[in-house]
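Residue numbers (UniProt numbering): 1 to 903.
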């Protein structure tokens with residue numbers, strides 16, 4: 001008889017089962033086992049926010065596995081993640097089993113652990129508890145809020161703003177932040193200012209630089225020298241002066257180490273230092289948390305990565321301090337352990353900071369067992385955690401003031417040196433552009449008061465103020481955390497949804513709003529201002545926190561929200577599209593029609609010369625049109641800057657000519673979207689077709705350059721030679737997206753990877769996962785095709801072409817030889833599932849040919865399409881009264897119910 005333990009992921013289940021032994025059966029729920037059905041009415045405000053729950057096929061399969069295991073068990077341990085989402089998953093599992101009456105005589109316990117190590121699992125098993133109902137109710141409220149906003153607000157968007165996508169509660173606020181920053185940049189007027197710097201030489205012939213700070217006895221402000229005449233006059237004054245050291249100021253300052261990582265700061269630092277997106281960071285951190293194989297044992301390398309806490313367990317602090325003393329020396333260990341507290345708004349600090357589970361597992365020690373991304377992220381987490389308990393750095397700062405004989409003109413030179421490196425010996429925090437400190441590390445020669453210095457070259461430099469920078473992933477996450485919207489588990493998914501809906505795009509790692517996103521933001525701020533207000537959203541987060549802490553009833557919070565929100569939606573019932581157009585046209589006027597230097601009205605129609613250009617809405621979205629329609633049929637695609645060249649006309653845009661053949665390179669619109677084509681079909685040779693290629697995600701067809709198009713048409717391209725095998729690695733585009741290939745082995749690329757520029761290191765890293773489960777034995781002597789041994793679901797097997805054969809149980813992947821594999825396939829080989837059989841008759845072949853022709857016809861532009869046969873879905877919907885309802889955040893991509901606020 002074995003007890004049952006339910007966790008979230010299969011990787012975690014395998015590791016924990018090793019720690020617990022044969023007396024336990026550890027199963028994975030694969031996340032949520034049920035969710036709100038993606039249809040209207042799943043949350044019913046009139047019934048005290050009662051909810052319906054639906055179990056999908058995967059959830060039903062996992063529940064069936066748990067049910068089977070419980071037949072011989074006395075206890076059920078719910079061991080999902082130690083956060084709100086994990087608590088809700090455990091509640092869903094228990095609720096489904098209770099409804100099936102499968103928990104009679106079963107003791108149900110909830111256990112949590114912050115790290116997947118043997119000691120942490122053992123401690124958790126010895127300290128079970130009941131489900132945290134306030135935490136579950138906070139989850140219920142959050143899920144109901146996101147559902148009701150999505151299913152209530154999104155239809156309003158679709159009706160009043162054709163072409164728009166769904167609206168979400170928190171991601172709409174994040175989108176507003178991006179759009180408002182872009183508006184600030186557009187209206188920004190640069191201001192001119194000048195700085196005067198001079199080279200000086202000390203009596204000992206040492207050189208240094210100083211900057212003008214006082215002129216004519218007055219301290220200079222930034223814009224006091226705002227034109228060339230004033231700047232050159234000041235420069236001449238410095239050149240004519242004779243300067244003496246007026247004062248030397250020295251002081252020693254301490255720089256304290258930053259705290260260990262929270263989810264937010266981890267995403268920010270990984271973005272700044274490693275160039276990782278928030279989603280890549282969280283995916284990689286999840287892998288480090290669940291564990292990697294080290295010396296035959298799976299070990300979790302970091303603690304739970306969804307947290308806003310900055311504290312570390314006493315045992316971890318003690319171990320880290322011991323490691324610092326042993327490796328760096330006693331002078332690097334502070335007298336007392338460092339303690340930290342978070343400054344983030346609404347932080348709950350329910351969990352530890354993100355830290356290594358064992359400080360002795362230094363990055364160099366585990367690097368071989370990690371992928372490239374895992375190694376880089378673990379190195380970052382380990383160094384930050386250890387540095388947080390190291391001694392402060394000490395810097396000697398020096399400021400020297402120079403003055404001319406009258407004392408009316410003054411120059412200042414500053415610099416600093418590191419007196420004691422402290423934590424800087426191990427870790428230097430990444431910085432935003434705005435925090436660059438030019439003074440760090442700049443040395444000044446020794447000087448004393450009264451020293452005369454010689455004036456060298458004097459420069460007058462012109463500058464212009466810069467607009468506020470666009471948000472990067474790091475700075476946007478930081479801003480959201482500061483104002484208190486979203487939670488650690490939600491940041492990555494919020495940013496992902498904004499990109500998936502094409503509301504924003506990333507350029508040079510900065511967010512730029514698409515015009516679709518600006519329209520949605522303008523609509524929401526015009527008609528639903530309160531619900532995209534950062535203050536309101538942050539206050540709602542506080543109320544949700546009150547629910548999780550047991551200080552508020554979730555029904556009351558929902559009722560108050562729904563009363564005002566439903567009234568706001570009702571007010572738009574009679575809203576005319578013309579009213580929407582007028583409001584958006586006025587709000588986005590400066591964006592779409594910026595003032596022209598020739599002072600001509602930017603709204604004057606360039607086609608008829610008399611009409612007024614303005615925003616129009618069509619069946620497929622917004623565009624710019626003339627007021628003289630239908631007499632004047634001028635239209636323009638919705639972009640603020642129309643310098644991108646000719647737009648797609650009749651599905652065609654000419655980018656230029658192939659430099660080798662002279663053929664036109666065109667972007668065309670087909671029934672399945674945009675694609676690139678070189679040349680035209682040859683009417684005399686119908687079999688010869690022009691070369692075509694799809695446009696990968698991340699590239700926009702209407703902004704594609706000739707160079708990019710030629711690069712895509714030239715795929716696959718050679719990336720380089722594998723450093724270990726010497727085989728050629730290629731990058732290309734396939735039906736499932738970009739890939740890298742070495743022989744018959746393929747590796748997938750992420751959506752952030754550029755197939756045209758992906759380098760050898762990234763390609764090798766992508767292939768590493770496949771190579772770990774594949775071994776190329778060599779070429780078959782008859783046909784030259786590779787013979788490989790692969791890891792399969794039911795054990796290793798040999799493959800040659802479409803024929804496979806399972807290895808005998810006593811033969812490992814490293815034991816089989818090429819000759820042995822060939823003999824095994826010849827003796828026991830069978831066709832790969834889905835491959836064509838050798839014995840196909842001519843009749844079958846002819847039928848297949850006809851089928852392919854029919855399929856090709858159906859794929860044509862003018863061919864009628866068959867209706868897909870309905871699939872039998874193993875789904876069950878459960879109606880849960882409000883007093884018992886608890887919900888799960890959907891991890892599927894739905895329409896209006898898509899929940900960007902749950903990670």
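Glycine included, each C-beta is placed from N, C-alpha and C at the ideal position.
These numbers were taken from a predicted model, which means no experiment stands behind them.
Cutoff 6 Å; reference residue i; Cβ partners in own chain excluding five residues on either side
i           : result
residue 274 : 376
residue 865 : Below a pLDDT of 50, predicted positions are generally treated as unreliable, and residue 865, at 39, falls in that range; the measurement from the model is reported next regardless. Closer than 6 Å at the Cβ level, and outside the excluded window around residue 865, lies no residue.
residue 424 : 393
residue 596 : 602
residue 325 : 333
Integer-rounded CB distance, given that residue j should sit under 8 Å from residue i
i           : j           : result
residue 554 : residue 138 : 7 Å
residue 516 : residue 164 : 7 Å
residue 102 : residue 135 : Residue 102 to residue 135, Cβ: 24 Å. No contact.
residue 294 : residue 369 : 5 Å
residue 110 : residue 131 : 5 Å
residue 780 : residue 816 : 14 Å between Cβ atoms; not a contact.
residue 267 : residue 492 : 7 Å
residue 481 : residue 264 : 5 Å
residue 75  : residue 22  : Not really, about 15 Å apart at Cβ, beyond 8 Å.
residue 29  : residue 89  : 6 Å
Contact check, residue i vs residue j, beta carbons under 7 Å
i           : j           : result
residue 381 : residue 302 : yes
residue 26  : residue 5   : yes
residue 82  : residue 304 : yes
residue 285 : residue 276 : no
residue 788 : residue 776 : yes
residue 80  : residue 357 : no
residue 172 : residue 524 : yes
residue 713 : residue 691 : yes
residue 402 : residue 418 : no
residue 676 : residue 706 : no
residue 734 : residue 716 : no
residue 741 : residue 724 : no
residue 114 : residue 352 : yes
residue 611 : residue 628 : yes
Rounded separation between residue i and residue j - CA only
i           : j           : result
residue 247 : residue 449 : 5 Å
residue 600 : residue 593 : 11 Å
residue 86  : residue 8   : 8 Å
residue 785 : residue 744 : 9 Å
residue 278 : residue 203 : 54 Å
residue 454 : residue 445 : 14 Å
residue 604 : residue 38  : 46 Å
residue 405 : residue 240 : 11 Å
residue 852 : residue 679 : Low local confidence applies: a pLDDT of 39 at residue 852 is under 50, so the model's placement there is unreliable, with the coordinate-based value given in what follows. Cα to Cα, residue 852 sits roughly 27 Å from residue 679.
residue 709 : residue 657 : 11 Å
residue 230 : residue 602 : 36 Å
residue 311 : residue 95  : 34 Å
residue 174 : residue 795 : 47 Å
residue 769 : residue 792 : 14 Å
residue 774 : residue 790 : 4 Å
residue 483 : residue 757 : 37 Å
residue 261 : residue 359 : 15 Å
residue 548 : residue 151 : 25 Å
residue 184 : residue 585 : 18 Å
residue 653 : residue 764 : 37 Å
Spatial neighbours of residue i in its chain, beta-carbon cut-off 8 Å, leaving aside the 5 residues before and after
i           : result
residue 226 : 191, 192, 193 and 194
residue 552 : 543 and 546
residue 18  : 297 and 298
Beta-carbon proximity list for residue i, same chain, < 7 Å, skipping 5 on both sides
i           : result
residue 426 : 383, 386, 387 and 390
residue 626 : 605, 607, 608, 611, 613, 632 and 634
Residue i Cβ short of 6 Å to the ligand GTP heavy atom set
i           : result
residue 718 : Absent from the structure shown: the ligand GTP. Ligands present: none.
Using 8 Å as the threshold, is the segment 448–466 in touch with the segment 187–201, meaning 3 or more CB pairs across them?
Below 8 Å, enough C-beta pairs join the segment 448–466 and the segment 187–201 to call them touching: three or more.
How do the segment 361–380 and the segment 247–260 stand: do at least 3 beta-carbon pairs fall below 8 Å, yes or no? By the Cβ criterion, the segment 361–380 is not in contact with the segment 247–260, since fewer than three pairs of Cβ atoms, one from each stretch, lie closer than 8 Å.
With three or more C-beta pairs closer than 8 Å as the rule, is the segment 401–419 touching the segment 206–221?
Touching, yes.
*Does the count of Cβ pairs from the segment 573–581 and the segment 143–155 closer than 8 Å reach three?*
Segments in contact, no.
**Request:** Give a yes or no on contact between the segment 500–518 and the segment 469–489, applying the rule of three or more CB pairs nearer than 8 Å.
**Result:** In short, these stretches touch, since the Cβ pair count reaches three.
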